[in-house]
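Peer 1: Residue numbering for the sequence shown follows our numbering, beginning at 3 and increasing consecutively.
Glycine included, C-beta positions come from ideal geometry on N, C-alpha and C.
What you are looking at is a predicted structure, and each value in this text was computed from that prediction instead of being measured.
Before I ask anything, here is the structure I am working with.
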Amino acid sequence: MEALPGIEKARDLGLHVVVSDMNPYAPGMLAAHGQLVASTYDVAATLKAAIGYHQQVRPIDGVMCLATDVPLTVASVAVELGLPGIPVEVAARAMDKLAMKQKFAADGVAVPWFSTVESADHLQNLAKEHGLPLVLKPVDSRGGRGVQRLTPEVNLAAAYERALVQSPSGRVMVERYLPGPQISTESVVLDGVCHTPGFADRNYEFIDRYAPHFIENGGTMPSHLPAEARQAVRELVQQAARSLGVSRGVVKGDMVISDGKPYVIELAARLSGGWFCTHEIPLNVGVDLVLAVMRLSLGLPVDPATLQPRFERGVALRLIFPPPGRITTIEGEQAAGNLPGVAMVRLAVQPGDIVRPPTDSNASAGLIIAVADDREEAARRAETAVQAIQVTTEPA
Ligand SMILES: Nc1ncnc2c1ncn2[C@@H]1O[C@H](COP(=O)(O)OP(=O)(O)OP(=O)(O)O)[C@@H](O)[C@H]1O
Ligand SMILES: [Mg+2]
């Protein structure tokens, strides 16, 4: 769903768009000229389908992903078809939180202390040795699934199981929890140089309400950070991109500033999801990262000037988390859309659906994006619009 704006953009540019998805009726598939029925997470299946299309239907000139974490599939297709892309080993490292952190640590890129976790007992020992709070996470998952903040109240054995089931390769790691403001960045790398028009404060107001899970409740732009701190984050993104091995492509950073110093939590080698690159960044600074990545993936030049902010406006995204239960009614969607500055209202649920207590950000029932002259007003507008939407539930 979040890839649709990109598919539409590519069509508007006059491109012939081929989409892959395991669901032949996915919205993106219906919007495409050509369809490859294969899970984007299944590298071999996507490769087979892409080669077949390339040879038998129409040559493919470029490959990219949007709003999905599959740089390895993209890189593999690019290599096989001789298309521009990042090296396969770089993409693989970008999808493995442990391998990525090991590379960062070896290259002197600031990351929190981390360790692999071999068992629940091992976790108990690490917690004793290093103290709490720690963050436990699957090595190869996404969207915050299985990521938990370990505090003294948390049962470590149960937390370990919850992380383990979210890891396709059955691997879990633990890190020092770094308190402090969290930042999302999104950059295009040209000739090894990072251009970072995407820079947002992540909103973690619910960190205690939904503990031990990290529930991100949207973001606010421009960042509240002073210019020097923003610059320090940008420089760290640059170091991290170099260490990861992305010299031409896109990197999406999860960064934190703790005790005045920036750290990398993760650097993804792909465009963001959650409407960040498709809506928030264009509304905030007028830069189109999706277009830049389309050009890169087709082997076309990208002018760094197009990655410079053209203006600065306040933008806020807030998620809608109704009380858990079975949805009986949804009201106020239209009224919310008519409120000042509301740029997007999206509801992902309907009456009859079950709302579960959130354990990751994907559990939200929808979202609002609002704009204003400054960040505070944008946040107020988004929060007002969230309040205007009434999702009532009854015990399921
Ligand atoms: N060591 C840490 N210190 C502080 N916060 C952390 C730490 N590790 C993870 N987090 C928080 O938890 C979120 C999810 O962790 P992580 O990025 O590792 O998992 P993910 O599954 O890729 O989630 P997402 O898709 O939200 O990035 C991070 O974006 C960050 O807000
Ligand atoms: Mg992440």
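Could you pull the start and end residues of the alpha helix (DSSP H) that Phe106 belongs to?
Peer 2: 99-108
Peer 1: Can Phe216 be considered in contact with ligand 1, in the sense that its beta carbon sits closer than 7 Å to one or more heavy atoms?
Peer 2: yes
Peer 1: Of all the options Leu321, Val137, Gln184, Pro353, which has the alpha carbon lying nearest to the alpha carbon of Val174?
Peer 2: Val137
Peer 1: Check the DSSP bridge columns for Thr187 and list the partner residues they point to.
Peer 2: Beta bridge pairing from DSSP links Thr187 with Phe201, Gly255.
Peer 1: So Ser78 is in the alpha helix (DSSP H); what residue range does that whole segment cover?
Peer 2: 73-83
Peer 1: Determine, using beta carbons only, whether Ser260 and Gly148 come nearer to each other than 8 Å.
Peer 2: no
Peer 1: Excluding sequence positions up to five away, which residues of its chain have a Cβ less than 8 Å from the Cβ of Glu82?
Peer 2: Leu49, Ala52, Ile53
Peer 1: Among Ala96, Leu6, Ala40, Gly84, whose alpha-carbon lies nearest the alpha-carbon of Ala271?
Peer 2: Ala96
Peer 1: For a test of the three-state rule: what should DSSP assign to His281, helix, strand or coil?
Peer 2: It is helical.
Peer 1: Could you tell me which residues DSSP puts in a beta bridge with Thr222?
Peer 2: Asp203, Ala318
Peer 1: I'd like to check one pair, Leu302 with Val402: are the Cβ atoms closer than 8 Å?
Peer 2: Residue 402 lies beyond the residue range present for the chain, which begins at 3 and ends at 398; the question has no answer from this structure.
Peer 1: With hydrogens ignored, establish whether the beta-carbon of Arg204 is closer than 7 Å to any heavy atom of ligand 1.
Peer 2: yes
Peer 1: In the DSSP output, which residue or residues are listed as bridge partners for Met175?
Peer 2: BP columns for Met175 point to Thr118, Lys139.
Peer 1: Is there at least one non-hydrogen atom of ligand 2 closer than 7 Å to the beta-carbon of Phe177?
Peer 2: At residue 177 the sequence reads Glu, which differs from the Phe that was named. Glu177: no, Cβ never under 7 Å from ligand 2.
Peer 1: Under the three-state reduction of DSSP, which class applies to Leu128: helix, strand or coil?
Peer 2: helix
Peer 1: For the putative contact between Gln392 and Gly334, defined by C-beta atoms under 8 Å, what is the C-beta separation to the nearest angstrom?
Peer 2: 5 Å
Peer 1: Between the region 290-301 and the region 4-20, can you find at least three pairs of beta-carbon atoms closer than 8 Å?
Peer 2: yes
Peer 1: Helix, strand or coil: which one does DSSP assign to Ala345?
Peer 2: For Ala345, the three-state secondary structure derived from DSSP is strand.
Peer 1: Could you please give me the residues that DSSP links to Asn42 through a beta bridge?
Peer 2: At residue 42 the sequence reads Thr, which differs from the Asn that was named. Under the DSSP definition of a beta bridge, Thr42 lacks any partner.
Peer 1: Can we say the region 211-231 touches the region 337-347, given the rule of at least three CB pairs closer than 8 Å?
Peer 2: no
Peer 1: Which two residues bound the contiguous beta strand (DSSP E) that contains Arg151?
Peer 2: 150-152
Peer 1: With DSSP as the reference, label Arg244 as helix, strand or coil.
Peer 2: helix
Peer 1: If I measure Cβ to Cβ from Asn179 and keep anything under 7 Å in the same chain, skipping five residues before and after, which residues do I get?
Peer 2: Residue 179 is actually Tyr in this sequence, not Asn. Pro135, Leu136, Val137, Arg151.
Peer 1: If you draw a straight line from the alpha carbon of Ser317 to that of Pro170, how long is it in whole angstroms?
Peer 2: The amino acid at residue 317 is misidentified as Ser; the sequence shows Val. Val317 and Pro170: Cα-Cα distance of roughly 35 Å.
Peer 1: Is the beta carbon of Ala350 closer than 8 Å to that of Ala387?
Peer 2: no
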